[in-house]
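Protein chains: 2
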Amino acid sequence: MPQESCAFACRFGRIDPRRVEVPRGTLVSTLMMSPLEHAGKTVTIREVAEEAGVSVGTVSRVLNAPATVRPATLEKVRAVIDRMGFQPDPRAQNMRRRTTMTVGFIINDITNPMHSNVFKAAEAELRPRGFTLHLVNTGGEPQREAAAIDMLQRGRVDGLMMTINSEQDAECRARLATLRVPGVLLDREVPVHIDSVMTDHATGMRQAVDYLIGLGHRRIALITAGTDISPGRERKRGFVEAFANRGIPCPEDLIRARHLSAAYGQRETSTLLRLADPPTAIIAGGNQILVGVLHAIQQQGIEIGRDLSLVTCDRTDLATTYPGPLTLIDRDVEAIGRTAADLLLERMAEKSVDPPRRVVFPTTLILGHSCGPPRPRAA
Amino acid sequence: MPQESCAFACRFGRIDPRRVEVPRGTLVSTLMMSPLEHAGKTVTIREVAEEAGVSVGTVSRVLNAPATVRPATLEKVRAVIDRMGFQPDPRAQNMRRRTTMTVGFIINDITNPMHSNVFKAAEAELRPRGFTLHLVNTGGEPQREAAAIDMLQRGRVDGLMMTINSEQDAECRARLATLRVPGVLLDREVPVHIDSVMTDHATGMRQAVDYLIGLGHRRIALITAGTDISPGRERKRGFVEAFANRGIPCPEDLIRARHLSAAYGQRETSTLLRLADPPTAIIAGGNQILVGVLHAIQQQGIEIGRDLSLVTCDRTDLATTYPGPLTLIDRDVEAIGRTAADLLLERMAEKSVDPPRRVVFPTTLILGHSCGPPRPRAA
DNA sequence: GGACTAATTTGAAACGATTTCATTTGCCTG
DNA sequence: CAGGCAAATGAAATCGTTTCAAATTAGTCC
Numbered sequence: 067m068p069q070e071s072c073a074f075a076c077r078f079g080r081i082d083p084r085r086v087e088v089p090r091g092t093l094v095s096t097l098m099m100s101p102l103e104h105a106g107k108t109v110t111i112r113e114v115a116e117e118a119g120v121s122v123g124t125v126s127r128v129l130n131a132p133a134t135v136r137p138a139t140l141e142k143v144r145a146v147i148d149r150m151g152f153q154p155d156p157r158a159q160n161m162r163r164r165t166t167m168t169v170g171f172i173i174n175d176i177t178n179p180m181h182s183n184v185f186k187a188a189e190a191e192l193r194p195r196g197f198t199l200h201l202v203n204t205g206g207e208p209q210r211e212a213a214a215i216d217m218l219q220r221g222r223v224d225g226l227m228m229t230i231n232s233e234q235d236a237e238c239r240a241r242l243a244t245l246r247v248p249g250v251l252l253d254r255e256v257p258v259h260i261d262s263v264m265t266d267h268a269t270g271m272r273q274a275v276d277y278l279i280g281l282g283h284r285r286i287a288l289i290t291a292g293t294d295i296s297p298g299r300e301r302k303r304g305f306v307e308a309f310a311n312r313g314i315p316c317p318e319d320l321i322r323a324r325h326l327s328a329a330y331g332q333r334e335t336s337t338l339l340r341l342a343d344p345p346t347a348i349i350a351g352g353n354q355i356l357v358g359v360l361h362a363i364q365q366q367g368i369e370i371g372r373d374l375s376l377v378t379c380d381r382t383d384l385a386t387t388y389p390g391p392l393t394l395i396d397r398d399v400e401a402i403g404r405t406a407a408d409l410l411l412e413r414m415a416e417k418s419v420d421p422p423r424r425v426v427f428p429t430t431l432i433l434g435h436s437c438g439p440p441r442p443r444a445a
Numbered sequence: 067m068p069q070e071s072c073a074f075a076c077r078f079g080r081i082d083p084r085r086v087e088v089p090r091g092t093l094v095s096t097l098m099m100s101p102l103e104h105a106g107k108t109v110t111i112r113e114v115a116e117e118a119g120v121s122v123g124t125v126s127r128v129l130n131a132p133a134t135v136r137p138a139t140l141e142k143v144r145a146v147i148d149r150m151g152f153q154p155d156p157r158a159q160n161m162r163r164r165t166t167m168t169v170g171f172i173i174n175d176i177t178n179p180m181h182s183n184v185f186k187a188a189e190a191e192l193r194p195r196g197f198t199l200h201l202v203n204t205g206g207e208p209q210r211e212a213a214a215i216d217m218l219q220r221g222r223v224d225g226l227m228m229t230i231n232s233e234q235d236a237e238c239r240a241r242l243a244t245l246r247v248p249g250v251l252l253d254r255e256v257p258v259h260i261d262s263v264m265t266d267h268a269t270g271m272r273q274a275v276d277y278l279i280g281l282g283h284r285r286i287a288l289i290t291a292g293t294d295i296s297p298g299r300e301r302k303r304g305f306v307e308a309f310a311n312r313g314i315p316c317p318e319d320l321i322r323a324r325h326l327s328a329a330y331g332q333r334e335t336s337t338l339l340r341l342a343d344p345p346t347a348i349i350a351g352g353n354q355i356l357v358g359v360l361h362a363i364q365q366q367g368i369e370i371g372r373d374l375s376l377v378t379c380d381r382t383d384l385a386t387t388y389p390g391p392l393t394l395i396d397r398d399v400e401a402i403g404r405t406a407a408d409l410l411l412e413r414m415a416e417k418s419v420d421p422p423r424r425v426v427f428p429t430t431l432i433l434g435h436s437c438g439p440p441r442p443r444a445a
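Residue numbers (my numbering), protein chains in the order written: chain B, 67 to 445; chain C, 67 to 445.
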């Protein structure tokens with residue numbers, strides 16, 4: 067019966083892909099190797115000490131301060147450690163040292179390529195220093211964010227890197243103000259004593275708008291995050307300033323700054339394109355928004371770069387690949403993650419409390435295929 | 067000086083976006099709120115006991131077995147706990163309970179949307195049960211994978227979910243064989259006593275190929291992972307079987323199964339398209355490979371769906387958005403993550419060792435805009 | 001060889017909870 | 001009110017490591 071494919075009628079020409087409900091997975095029991103009795107009788111430092119004929123304190127020093135133990139003893143104890151396969155129990159170390167060698171990473175959505183790239187870079191910086199990362203995905207719900215901060219800082223991590231959903235949320239702000247471990251805020255601005263790594267979204271946006279104005283555009287639309295977080299606020303500011311600098315009236319009616327989501331991007335794009343005097347250029351202020359913008363545009367049969375100019379923020383597979391690379395406001399996401407990790411490492415090392423640091427990263431306008439001179443659209 | 071944009075010469079018409087090196091971020095010191103002396107004098111159970119006039123054992127029972135304590139005492143102690151803001155130190159709990167309420171997640175690349183979606187789903191399932199996740203990004207390096215397993219299972223986590231880079235790696239296999247904590251393998255097949263969550267890539271591929279054959283294609287190319295991991299092996303098997311079922315000779319020369327990367331996808335696509343008898347359809351067996359395939363195709367000025375049919379694996383923004391949705395082999399990634407978490411939860415709850423379970427998820431062929439009848443390409 | 005100093009090592013006390021076990025308390029019945 | 005039983009409590013052990021004062025050993029000089 068090689069006719070399986072007949073079940074999938076070809077629906078060439080429709081936009082929406084057919085989404086067939088995926089049934090629950092099948093459970094198959096298998097028996098491979100024997101259970102193997104990995105009894106894992108853990109060896110303790112006490113047993114090592116007894117076996118080596120020394121005290122536990124000496125074994126501890128062999129591991130943590132080898133210089134203070136006589137070479138002969140050192141060698142003897144090390145041999146026993148290797149032979150018995152002893153490894154100190156991290157739980158006991160955490161307990162005694164009041165430390166965990168763990169950093170918490172609280173993020174809105176790890177699925178977002180910007181976030182996962184920041185995480186990756188931070189992890190790459192922290193791992194060689196012996197740190198492991200706890201990742202909490204909050205889905206942008208403030209109470210989960212607050213709960214995550216509470217849970218993690220209570221002896222679970224030595225430091226915290228995070229992005230919160232709204233800078234205005236009282237619960238989160240209160241937690242940040244009384245943080246018990248070093249912390250770094252990512253792209254968020256909260257009037258609290260804490261380090262932060264920011265991006266100069268305003269300048270990036272100003273450059274992009276200026277570029278579009280230079281091409282002849284006046285009806286430029288901006289769709290971006292809400293103004294309760296720095297990226298939304300700064301992008302909007304840069305947008306407005308670009309017009310002001312040129313002495314050209316800003317098309318306030320084309321600014322949409324509410325959410326960072328594909329759905330929002332799609333909805334607002336559809337609305338904008340139906341206006342009596344529609345935009346000749348759209349700036350997608352966020353990589354999720356871009357997805358929505360493109361979906362909306364596809365439904366209208368508009369060709370990007372010819373009928374409509376498009377600028378997006380952040381380098382994603384979609385932005386660099388969409389038939390031809392899009393013009394985009396880029397930033398070095400890896401450097402951001404690395405820097406956040408560095409700031410945290412410093413804070414965790416020296417307990418000095420004073421002054422909070424703030425690192426601002428620049429953006430770069432990268433020209434792609436998605437912009438051209440404005441072209442009046444026929445109705 | 068609104069002339070900032072003059073620095074960015076419009077390079078309309080070139081494919082490669084201009085990549086300007088982003089300078090290191092600017093460091094700005096700021097002083098906001100006063101240091102706040104969040105001394106955070108931690109309250110211990112001993113202090114609570116003394117304050118409430120009971121023993122530490124009673125306080126512990128108030129928290130862990132409220133039913134065994136007299137209502138009057140319960141209330142009294144709870145009041146003190148609230149007043150002093152006592153929360154048990156997780157480090158001490160871990161120590162005594164021989165547990166951490168933490169699960170390790172070892173992954174190749176968290177930047178891959180499939181991986182991050184699996185993680186997200188698993189986290190959503192585990193968090194309400196009180197578990198937090200350690201995420202280790204290995205970059206696919208076997209020694210890092212082995213090191214991660216070692217580090218995590220040694221008293222740092224209660225369970226482990228993971229994908230390894232190659233099922234053949236001796237180091238990793240050895241670790242898996244002697245795992246001391248419950249574990250779940252994701253999309254990997256290793257002859258070891260461990261649970262796994264798999265995808266039926268072979269059937270998905272067979273359907274896709276059969277669909278293309280039905281459209282008239284014979285020169286179909288497959289670019290996918292190496293055969294040292296289940297996805298590559300299974301996809302290749304399904305590919306071959308589809309032809310066998312139809313009694314049509316399989317174009318072995320068009321099978322490329324080595325790496326899961328954009329670079330590999332781009333390189334192989336370029337090569338394939340330059341063949342004397344090039345493929346009329348390409349199957350991108352992996353979301354990263356898709357990126358490379360599309361980049362290669364763009365360089366040739368080929369129109370997908372007309373000049374060349376394309377099928378991809380896994381639903382990503384790019385796959386659903388690339389001018390029109392692509393035909394794709396879909397799977398329920400969330401269900402996979404959720405199921406992996408469920409398997410692990412069961413194992414962690416009851417210590418029963420026997421038989422390893424294997425859940426196989428089906429795939430679904432979703433028809434988009436990217437396939438059509440084969441069209442001979444003019445040279 | 002003895003005295004003194006410096007270098008090692010030891011043993012016990014944390015660290016902060018949970019858990020066990022013996023003891024006390026509270027309650028009920030006869 | 002005494003006796004018996006169940007429930008509640010407290011004291012102490014435990015988890016595995018680090019740390020620190022005290023004790024031991026080694027080394028040096030006369």
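Ideal Cβ placement from N, Cα and C applies to all residues, glycine included. Quick caveat: nothing in here was measured; it's all calculated off a predicted structure.
With contacts defined as CB atoms closer than 7 Å, L251 (chain C) and S262 (chain C) qualify as a contacting pair.
Taking the CA atoms as reference points, L226 (chain C) sits about 27 Å from E207 (chain B). Looking at the DSSP output, D396 (chain B) bridges to B:T430. Counting C-beta atoms within 10 angstroms of its own C-beta, E233 (chain B) has 16 or more neighbours from the protein chains shown and is therefore classed as buried.
Nearest to F171 (chain B) by C-alpha distance, out of B:T346, B:A329 and B:S182, is B:S182.
When only Cα atoms are considered, L409 (chain C) and D380 (chain C) end up about 23 Å apart. Bridge pairing for V169 (chain C): C:L199 and C:G225 [DSSP].
The three-state secondary structure of T378 (chain C), taken from DSSP, is strand. Between the alpha carbons of L199 (chain C) and I230 (chain B) lies a gap of roughly 19 Å.
A buried status is given to K186 (chain B), since no fewer than 16 other beta-carbon atoms sit within 10 Å of its beta-carbon. At a cut-off of 7 Å between beta-carbon atoms, D408 (chain C) makes no contact with chain B. Listed in chain order, the positions of the segment 177-197 of chain B with a beta carbon within less than 7 Å of a beta carbon of chain C are T177, P179, S182, N183, F185, K186 and E189. Contacts with chain B (Cβ-Cβ distance below 8 Å) from the segment 212-234 of chain C involve M217, L218, R220, G221 and R222, listed in chain order. Proximity of the segment 357-367 of chain B to the segment 330-341 of chain C falls short of the contact definition, fewer than three beta-carbon pairs being nearer than 8 Å. Short of 6 Å from the beta carbon of H259 (chain B), and not among the five residues preceding or following it, lie these beta carbons of its own chain, in chain order: P422.
The beta carbon of A385 (chain B) sits closer than 6 Å to the beta carbons of T378, L392 and L394 from its chain, once the five residues preceding and following it are set aside; these are given in chain order. In this structure the segment 274-293 of chain C lies against the segment 343-360 of chain C, because at least three pairs of beta carbons, one per stretch, are closer than 8 Å.
For the pair of segments examined, the segment 150-167 of chain B was found not to touch the segment 138-153 of chain C: the number of CB pairs separated by less than 8 Å stays below three. Across the structure, L192 (chain C) and N203 (chain B) are spaced so that their CA atoms are roughly 11 Å apart. Using a CB distance cut-off of 7 Å, H200 (chain C) counts as an interface residue toward chain B. Following the DSSP letters along the chain, one finds G280 (chain B) in no beta strand (DSSP E) but inside the alpha helix (DSSP H) bounded by residues H267 to G280. Under the three-state reduction of DSSP, S262 (chain B) is assigned to strand.
Contact between the segment 121-141 of chain B and the segment 166-180 of chain B is not established, with fewer than three Cβ pairs separated by less than 8 Å. The continuous beta strand (DSSP E) containing T290 (chain B) extends over residues I286 to A291. Contact between the segment 328-335 of chain B and the segment 296-308 of chain B is not established, with fewer than three Cβ pairs separated by less than 8 Å. For the pair A268 (chain B) and C437 (chain B), the Cα-to-Cα distance works out to about 20 Å.
Burial state of Q354 (chain B) is buried, judged by a 10 Å Cβ sphere holding 16 or more other Cβ atoms.
Neighbours of L384 (chain C) in chain B, taken as residues whose beta carbon is under 9 Å from its own, are T382, D383, L384, T387 and Y388 in chain order. When beta bridges are read from the DSSP output, I370 (chain B) appears opposite B:L374. Listed in chain order, the non-local C-beta contacts of R424 (chain B) below 6 Å within the same chain comprise S262, local neighbours out to five positions each way being set aside. According to the DSSP assignment, I348 (chain B) belongs to the beta strand (DSSP E) that extends over A347 to G351. The beta carbon of I215 (chain B) lies closer than 6 Å to those of R241 in the same chain, with the five residues before and after it left out. Interface residue (Cβ-Cβ distance to chain C less than 7 Å): L376 (chain B) is not classified as such. Of the candidates C:D276, C:A329 and C:P132, C:D276 places its Cα closest to the Cα of G313 (chain C). Taking C-alpha positions only, M180 (chain C) is separated from M228 (chain B) by approximately 23 Å.
Within chain C, M161 have C-beta atoms less than 7 Å from the C-beta of A158 (chain B), given in sequence order.
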